[in-house]
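Chains A and B supply the protein sequences, listed in that same order. Residues 530 to 1017 in the numbering used here are what the first sequence lists, from first letter to last. Residues 530 to 1017 in the numbering used here are what the second sequence lists, from first letter to last. Note that the Cβ used here is the ideal one computed from N, Cα and C, for glycine as well. Since we're looking at a predicted model, the values are computed, not measured.
There are 2 protein chains.
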Amino acid sequence: MIRDFVKTECPQEEELRERLMTARNRLFALQMKLKEHNLPVLVLMEGYGSAGKGSIIGKVIKNIDPRFFKVFSMEKITEEEKRKPFLYRYVTKIPEKGKFVFLDGGWMEEITREQVQGNYKKQEYAKRVQSVKRMERQLTDDGYLVMKFFFTISEKEQKKRLNDLLADKNTKWRVSDYDLWQNKHYEKCQQVFDRYLEETNTSTAPWYLVDSKHKKWAELQVLEHLVEGIETAMENQKVSVPILQNIFPLKKMPKLAEVPLDKTIDQEAYRKELDSLQKRLGELHNELYRKKIPVIIAYEGQDAAGKGGNIKRISEALDPRGYEVHPIASPEPHEKARHYLWRFFNRLPKSGHVAIFDRTWYGRVLVERLEGFCLENDWKRAYNEINEFEKELCDWGAILIKFWVQIDKDTQLERFHLRENTPEKQWKITEEDWRNREKWDQYEKAVDEMIEKTSTEFAPWHILESNDKRYARIQALEIVIQEIEKHL
Amino acid sequence: MIRDFVKTECPQEEELRERLMTARNRLFALQMKLKEHNLPVLVLMEGYGSAGKGSIIGKVIKNIDPRFFKVFSMEKITEEEKRKPFLYRYVTKIPEKGKFVFLDGGWMEEITREQVQGNYKKQEYAKRVQSVKRMERQLTDDGYLVMKFFFTISEKEQKKRLNDLLADKNTKWRVSDYDLWQNKHYEKCQQVFDRYLEETNTSTAPWYLVDSKHKKWAELQVLEHLVEGIETAMENQKVSVPILQNIFPLKKMPKLAEVPLDKTIDQEAYRKELDSLQKRLGELHNELYRKKIPVIIAYEGQDAAGKGGNIKRISEALDPRGYEVHPIASPEPHEKARHYLWRFFNRLPKSGHVAIFDRTWYGRVLVERLEGFCLENDWKRAYNEINEFEKELCDWGAILIKFWVQIDKDTQLERFHLRENTPEKQWKITEEDWRNREKWDQYEKAVDEMIEKTSTEFAPWHILESNDKRYARIQALEIVIQEIEKHL
């Protein structure tokens, strides 16, 4: 792409000035419309070192009120970020609805640098590109405008700029080792950049190459593309997007109605099993920590199915310094303003830690679907989005265990009554629980569909038979231990 | 303290079991009351390495629902945290109202380790202790329960435990170099611990020494103190606390009514000045970045005083990779649930970066005071709390510049009308602005009091004369440049 890029002529001084003024005013006027349209805009600035990404961002944001944008400079990966999945540091920075985020160097920079310097193992590059394509598609499907700019300069121009920066003690820190390396290996870099640009040039998030020789001309190219991109996106909002076919191998799962719920365990056997399984899990936790393997345990289930008590029997066995339980309620305003997976990305464990989710990202295809909190197109798309999200976690090296805690309708009624009649348990039962119960059949249908469509080979559901809570606890501990042992 | 600590006898097996059961049940029952009382509980676990802090936390949280607590293990300081003030990593972890946070090793561990290993420069230890005492007092004044436990074991017992841990490959990673160092320098450590405990043993956040030889006995001591602490705190809620006398040297400031507002600057002189000042500020930004000095610029002012445009003339001069503008609106639910300074701690710049606040922590003594969003005792206490907060920032090395942007009442009216009559400006004017205008005199009184009480020598207010916006912009740029130059 870079090689074939037809550099357009920079217009004459007067035309340039006029068009710049027009574009700036249009952007200024658009910022309020963005807000009205609830359109989130993610602008990715990539390109050669010293091509002027930073200074162009500085010029673009002059036209936007500080309330409406954030700029992130993707500096060196921190130790904390290294202990998270590859996409973590990028996904956590996506804008809220109605706002801009500008990324000064992003995932392209990281991927192409690692690739051109030969740091990737076999297949790793391809995997990264795939992750990025999935992320970009998930964002645009969700209504994000993703604008990607690549700033080009010639080898000679780059050399000149680097030398100028190095000559001044106040600017020489701006020149990174990688910038210098890039200039030395200009041809090689161009090949890698080109390949990446080709591979990620999608119809919903295309690349814009920017001829960066002249600063004002570069600014104008960015402004004009940006303004057009925003205007088009505002026209196209709320368009339903295609539901992708599943490409992940699935495990055959039973329907909930076929799950037997008659198994029980007596008190004595329970205590014995519990003690020995918790002890074993405690030992494994040490080993996980030492080997820096992250574990994610996800719980879903009917109200009063016994999730809380089940989680407790797992967490009791763990070192409190190495795990966290995330109770998931309805999203806070700043969470609702972003892609629904955002708040889960923010709660991922560090490598070596355990995160237990009491309700999960599956809310999208359960409560959000049934209560109409999202559009039909949204929850239908979610099965694939979730499979992709979980694939990302497993590729990162996480052990992901998903539990559906199952009870029958009579058992739920009994437990609801027990809660109402026990003072310390009353806070656990609300009007909402009764309302949900009325939709029992609809929920069952949705759960069946969820289990069928998201039981991938790498992250299948496990159904816990929880009419006897103690039986389900032992079942859960056994599965967790088994899954961990498989990975060690 | 440790030396004189009268170790109590561990009770007999049966009594121990009974008291443990009682204490656990009390804690279990208290968690819901905590919620009702909106009481935040911060539990600090400190002590000798391998004294069992972590395992006691594990036992205590067994009695609490995961929705109501978080555990933080204060591991090594990250690179990110090193670029923030000392208190940052602790303050950002305080609990929400109605919830627990357990810190496994906290500020005491950091301070005493640095002290005993001789890493502190002169006065640094005393400064740290002072910071901690202020923070603890601010939290308890705000209604937090701060429970501090120190776990003691003998030199011999510690050695035995460390050796046991080292002998097993799955647990040997738990032994840190500092643990071993501690055991080798047991006496010396005890002296430093003792001095710290004495110095920070305050009436509102006292220390509890825990004899940690026997695990169950240690658990019981913690549980009983914790339960008693919570019960007492719930009885004492909403007690007004003393307003501390100011101890920071103050600068004499004029009343707002005395500020002349007749100065203007003509268009041509403005453009010239603006260009040259922005150029200079851009150069200084490079230098700040290189020397890793953080800059915080705080803006307050009447509605329509011209804060936004003023901020813009500063930010335009800065490299977008090195600054952030924080528009401060009313707090989100998770922010309101914590100490009011919490959300500002979370927005502090990294060293070398600039943070510009469009409205600030002074909301406490302005809008919160006048609209009754906090109690009288709260805002009266805030002058000192804010001075302490700003002292912390300055001690960290930050350049802190505070602007009050001043206009007169007629000018505001003119600008309100202009906003109403200009389509692109209409979003800037709301009913609230008109309501605030009605309270002009009350606000003026509050601002006068604020400026008088918080113009410390280290962080005085600067009043910008903004009837002519352009005049005020030049004034602001000059002051920012001056303040930065003073520090370089």
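{"Query": "Minimum Cβ-Cβ distance from residue 844 (chain B) to chain A less than 8 Å", "Result": "yes"}
{"Query": "Chain B contact residues for residue 729 (chain A), given Cβ-Cβ distances below 8 Å", "Result": "In chain order: nothing, as chain B lies at least about 24 Å away."}
{"Query": "Residue closest to residue 949 (chain B), alpha-carbon to alpha-carbon, out of B:963, B:869, B:725, B:721", "Result": "B:963"}
{"Query": "Buried or exposed (CB count within 10 angstroms, at least 16 for buried), residue 824 (chain A)", "Result": "buried"}
{"Query": "Option nearest residue 827 (chain B) by Cα separation, candidates B:927, B:793, B:563, B:687", "Result": "B:927"}
{"Query": "Residue 908 (chain B) versus residue 786 (chain B): straight-line alpha-carbon distance, rounded", "Result": "23 Å"}
{"Query": "Neighbour list for residue 602 (chain A) in chain B, Cβ cutoff strictly below 7 Å", "Result": "850"}
{"Query": "Contacts of residue 561 (chain A) in chain B (Cβ-Cβ under 8 Å)", "Result": "953, 956"}
{"Query": "Between the CA atoms of residue 699 (chain B) and residue 872 (chain B) - distance to the nearest angstrom", "Result": "40 Å"}
{"Query": "Beta-carbon proximity of residue 930 (chain A) to residue 1008 (chain A), cut-off 8 Å", "Result": "yes"}
{"Query": "Beta-bridge partners of residue 935 (chain B), as assigned by DSSP", "Result": "B:994"}
{"Query": "Per-residue contacts from residue 700 (chain A) into chain B (C-beta, under 8 Å)", "Result": "815"}
{"Query": "Closest residue to residue 677 (chain A) among A:717, A:759, A:938 (Cα-Cα distance)", "Result": "A:759"}
{"Query": "For residue 805 (chain A), the residue or residues it bridges with in DSSP", "Result": "Answer is none; residue 805 (chain A) lacks a bridge partner."}
{"Query": "Interface residues of chain D facing residue 608 (chain A) [CB-CB closer than 7 Å]", "Result": "Going by chain labels, chain D is absent from the structure shown, which instead holds the protein chains A and B."}
{"Query": "Any C-beta of chain B under 8 Å from that of residue 770 (chain A)", "Result": "no"}
{"Query": "Runs of alpha helix (DSSP H) lying entirely within the stretch 855 to 879 of chain A, each at least 4 residues, in chain order", "Result": "862 to 865, 871 to 874"}
{"Query": "Chain B contact for residue 837 (chain A) (CB, 8 Å cutoff)", "Result": "yes"}
{"Query": "Complete runs of the alpha helix (DSSP H) confined to the stretch 701 to 776 of chain B [at least 4 residues]", "Result": "706 to 713, 715 to 728, 744 to 764"}
{"Query": "Through-space distance from residue 935 (chain B) to residue 978 (chain B), alpha-carbon basis", "Result": "15 Å"}
{"Query": "Residue 573 (chain B) and residue 668 (chain B) closer than 8 Å at C-beta", "Result": "no"}
{"Query": "3-residue-minimum beta strand (DSSP E) runs that sit fully inside the stretch 914 to 963 of chain B, ordered along the chain", "Result": "928 to 935"}
{"Query": "Residue 904 (chain B) classed as buried or exposed, judged by whether at least 16 other C-beta atoms fall within 10 angstroms", "Result": "exposed"}
{"Query": "Counted within 10 angstroms of its Cβ, other Cβ atoms place residue 1001 (chain B) as buried (16 or more) or exposed", "Result": "buried"}
{"Query": "Span of the alpha helix (DSSP H), counted from its first residue to its last, around residue 654 (chain A)", "Result": "653 to 670"}
{"Query": "Cross-chain neighbours of residue 887 (chain B) in chain A, by beta carbon under 7 Å", "Result": "595"}
{"Query": "Cβ of residue 832 (chain B) within 8 Å of any chain A Cβ", "Result": "no"}
{"Query": "Per DSSP, the bridge partner or partners of residue 835 (chain A)", "Result": "None, per the DSSP bridge assignment."}
{"Query": "Same chain, Cβ closer than 6 Å to residue 894 (chain A), neighbours up to 5 away in sequence not counted", "Result": "908, 911, 979"}
{"Query": "Proximity below 8 Å, CB of residue 1013 (chain A) to CB of residue 806 (chain A)", "Result": "no"}
{"Query": "Beta-bridge partners of residue 674 (chain B), as assigned by DSSP", "Result": "B:570"}
{"Query": "The beta strand (DSSP E) enclosing residue 887 (chain A), as first and last residue numbers", "Result": "883 to 887"}
{"Query": "Contacts that residue 863 (chain B) makes with chain A (C-beta to C-beta distance below 8 Å)", "Result": "861"}
{"Query": "Cα-Cα separation, residue 661 (chain A) to residue 642 (chain A)", "Result": "15 Å"}
{"Query": "Test: residue 1029 (chain B) CB closer than 8 Å to a CB of chain A", "Result": "For residue 1029 (chain B) there is no data in the structure shown, the boundaries of chain B being 530 and 1017."}
{"Query": "Buried/exposed call for residue 558 (chain A), threshold 16 Cβ in 10 Å", "Result": "exposed"}
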